[in-house]
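Remarks on the structure that follows.
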């Protein structure tokens, strides 16, 4: 069964002076004696809420022997969605929207994930550099998708996007992805796109638009796996999406 939210203590904090934000990181590593590293890195957005679903998905797949041992790191704020100290509206949005003051900070946030946070994690744990996965749901999925389309070689070469908020800023992600495809015909990565079939028509329709855009102008080497989760809506799909996505992106990985 998918988990209930529990109260957890952060494993450590990761400071961004550029963003004037201290992030809390909930990390779980394999037993180094039984399963010595280096391990792939799995980074989850909205860590304060997603950590339980992330660990449930990861542990259940490990019990089945479906994926290799990995380091799970859920990055959060230590504050609820409605708190001014929770900066997901800034960090997870690739473009600034007049309806959300302070939005559009995804590039700076991704620079923290791929710079200081990576350093923090790699100093603490033995990590592989060939498999780095970022996962999120809703706005948390949007920032992961944006990271995929930032350059020629994405830092996170596995992206798990559950019910992504493609609607943001008049679907600015579609424009970002289209411009990236014009510049970059090859994208060596794996992408999982999923949503609950009981999500809203607009969310389902937007994801279908994005999938169609990728199909009509495909990248060389980009492997896309799409999934619809039965009997799930926007608010209860994350655990099942995380499990399906991790399996799709990591199964068969040595």
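Residue numbers (our numbering): 57 to 310.
Idealized CB from N, CA, C, for every residue including glycine.
Here the structure is a predicted model, which means the values were calculated and not measured.
- In the DSSP assignment, residue 68 forms a beta bridge with 81.
- DSSP places residue 211 outside both helix and strand once states are collapsed to three, so it counts as coil.
- Proximity to residue 159 across 179, 251, 195 and 246 peaks at 195, based on C-alpha coordinates.
- For the options 181, 282, 65 and 209, the alpha carbon positioned closest to that of residue 108 is the one of 65.
- Taken through DSSP and simplified to helix, strand or coil, residue 186 comes out as strand.
- The three-state secondary structure of residue 107, taken from DSSP, is helix.
- Using a C-beta cut-off of 8 Å, the segment 126 to 144 makes contact with the segment 89 to 101, since at least three inter-stretch Cβ pairs fall below that distance.
- The segment 71 to 86 and the segment 169 to 179 touch, with three or more beta-carbon pairs separated by less than 8 Å.
- Within the same chain, Cβ atoms closer than 8 Å to the Cβ of residue 153 are found at 159, 160, 224 and 225, the five residues on either side in sequence being excluded.
- Exclusion of the five residues before and after residue 304 leaves 248 and 281 as the residues of its chain whose Cβ lies within less than 6 Å of its Cβ.
- Bridge pairing for residue 91: absent [DSSP].
- In the three-state reduction of the DSSP assignment, residue 124 falls in the coil class.
- Minimum Cα-Cα distance from residue 232 among the listed residues 279, 200, 253 and 259 corresponds to 200.
- In the displayed model, residue 194 falls within coil according to three-state DSSP, outside both helix and strand.
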